[in-house]
Amino acid sequence: NAGVTQTPKFRVLKTGQSMTLLCAQDMNHEYMYWYRQDPGMGLRLIHYSVGEGTTAKGEVPDGYNVSRLKKQNFLLGLESAAPSQTSVYFCASNPSGGANEQFFGPGTRLTVL
Amino acid sequence: AQSVTQLGSHVSVSEGALVLLRCNYSSSVPPYLFWYVQYPNQGLQLLLKYTSAATLVKGINGFEAEFKKSETSFHLTKPSAHMSDAAEYFCAVRHLGAGSYQLTFGKGTKLSVIP
Numbered sequence: 002n003a004g005v006t007q008t009p010k011f012r013v014l015k016t017g018q019s020m021t022l023l024c025a026q027d028m029n030h031e032y033m034y035w036y037r038q039d040p041g042m043g044l045r046l047i048h049y050s051v052g053e054g055t056t057a058k059g060e061v062p063d064g065y066n067v068s069r070l071k072k073q074n075f076l077l078g079l080e081s082a083a084p085s086q087t088s089v090y091f092c093a094s095n096p097s098g099g100a101n102e103q104f105f106g107p108g109t110r111l112t113v114l
Numbered sequence: 007a008q009s010v011t012q013l014g015s016h017v018s019v020s021e022g023a024l025v026l027l028r029c030n031y032s033s034s035v036p037p038y039l040f041w042y043v044q045y046p047n048q049g050l051q052l053l054l055k056y057t058s059a060a061t062l063v064k065g066i067n068g069f070e071a072e073f074k075k076s077e078t079s080f081h082l083t084k085p086s087a088h089m090s091d092a093a094e095y096f097c098a099v100r101h102l103g104a105g106s107y108q109l110t111f112g113k114g115t116k117l118s119v120i121p
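Below, the structure is given as structure tokens:
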């Protein structure tokens, strides 16, 4: 099993450009999440999904959109990138119910100039 | 809203010394609690988790944590630090109840191990 994978690993954008980050998991997990990590801020939840075709807003959703068309994939989109979106983005997933821990991908480092 | 406080954004210990990383949470009911570790340029990896089965939880790499309800704490310890323990550590809380799928993370504590 590859676990949780993220593409791309690195990306540099100019202000106003758009891009999509792809997260894929091969563990048949119901729940998937997108976080951003900034120095001294810990991880903050952007959006999450509790199943195929469903998404919900997290703590910092502004400027991002997501889609979960297939159970194994969770896409994060930036329609018009801003320098404030320079961050490291992590995807995570977990099975439904209980205290199941979240499994994290390796991250995508995004710089917006 | 639930919150997690990690005391000390940076902790330095000598190799072989005790590691103590502090975590306090706010919750009106006992939550699920987690400690994750992040090595440089990597994702987060679970160290251990508390699910109410036992208050003293043992994790990987010799780490353990004790849940103290009266103190709303879940501090992480390791008796003897190793150079390979140098990393950033995150405490997280997940609350019970409908829609409680989210984790709230602390801001992290970076552990340095001095040879």
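If you read the sequences in order, they're chains L and P.
To convert, count from 1 in the first sequence and add 1; that's our numbering.
To convert, count from 1 in the second sequence and add 6; that's our numbering.
Using N, Cα and C, we set each Cβ at its ideal position, and we do this for glycine too.
Source: prediction; values computed, not measured.
Taking Phe-91 (chain L) as the query, report the chain P residues whose CB atoms sit under 8 Å from its CB, ordered along the chain. As a first step, residue 91 (chain L) must be located in the first sequence, where it is residue number 90. Residues of chain P passing the Cβ test: Gly-49, Leu-50.
Rounded C-beta distance between Lys-124 (chain P) and Glu-102 (chain L)? I'm assuming under 8 Å. The structure shown has nothing for residue 124 (chain P), since chain P only spans 7 to 121.
Please report the distance separating the alpha-carbon of Ala-87 (chain P) from that of Glu-77 (chain P). Residue 87 (chain P) sits at position 81 when you count from the first residue of the second sequence. Residue 77 (chain P) sits at position 71 when you count from the first residue of the second sequence. Those two C-alpha atoms are separated by around 25 Å.
Is the CB-CB distance between Tyr-38 (chain P) and Ala-100 (chain L) below 7 Å? Numbered from 1 along the second sequence, position 32 holds the residue referred to as residue 38 (chain P). Numbered from 1 along the first sequence, position 99 holds the residue referred to as residue 100 (chain L). Closer than 7 Å, so yes.
Flag Glu-1 (chain L) as yes if its beta-carbon sits less than 7 Å from any beta-carbon of chain P, otherwise no. With chain L running from 2 to 114 in the structure shown, residue 1 (chain L) is simply not present.
Expressed to the nearest angstrom, what Euclidean distance is found between the alpha-carbon atoms of Leu-77 (chain L) and Asp-27 (chain L)? Residue 77 (chain L) sits at position 76 when you count from the first residue of the first sequence. Residue 27 (chain L) sits at position 26 when you count from the first residue of the first sequence. If I take the Cα positions, the gap works out to 18 Å.
Mind checking which residues open and close the beta strand (DSSP E) that includes Ser-115 (chain P)? Counting from one through the second sequence, the residue named residue 115 (chain P) turns up at place 109. For the sequence presented, residue 115 (chain P) should be read as Thr rather than Ser. Where Thr-115 (chain P) is concerned, the enclosing beta strand (DSSP E) stretches over 115 to 120.
Under 8 Å between beta-carbons, which chain L residues line up against Gln-8 (chain P)? List them in chain order, please. Taking the second sequence and counting its residues from 1, the one referred to as residue 8 (chain P) is at position 2. What Gln-8 (chain P) touches in chain L: nothing, since even the nearest Cβ is about 12 Å away.
Are the stretch 30 to 45 of chain L and the stretch 57 to 70 of chain L touching by the rule of at least three beta carbon pairs closer than 8 Å? yes
In the structure shown, what three-state DSSP assignment does Gly-68 (chain P) receive? Working through the second sequence from its first residue, we reach residue 68 (chain P) at position 62. Gly-68 (chain P) falls in the helix class under three-state DSSP.
Below-7 Å beta-carbon distance, Thr-78 (chain P) vs any chain L residue: Locating residue 78 (chain P) in the second sequence gives position 72, counting from the first residue. Answer no: the Cβ-Cβ gap between Thr-78 (chain P) and chain L never drops below 7 Å.
Once DSSP output is grouped into helix, strand and coil, what is the label at Met-33 (chain L)? Taking the first sequence and counting its residues from 1, the one referred to as residue 33 (chain L) is at position 32. It is a strand residue.
Just the C-alpha distance for Asn-2 (chain L) and Gly-49 (chain P), rounded to the nearest angstrom, thanks. Numbered from its first residue, the first sequence carries residue 2 (chain L) at position 1. Numbered from its first residue, the second sequence carries residue 49 (chain P) at position 43. Distance between the alpha carbons of Asn-2 (chain L) and Gly-49 (chain P) is about 16 Å.
Run down chain L in chain order and give the residues with a C-beta less than 7 Å from the C-beta of Lys-55 (chain P). As a position in the second sequence, residue 55 (chain P) is number 49, starting the count at 1. Within chain L, the residues near Lys-55 (chain P) are Ala-100, Glu-102.
Closest by C-alpha distance to Ser-94 (chain L), when choosing among L:Glu-31, L:Leu-70, L:Thr-109: Within the first sequence, residue 94 (chain L) is the residue found at index 93, counting from 1. The option with the nearest alpha carbon to Ser-94 (chain L) is L:Glu-31.
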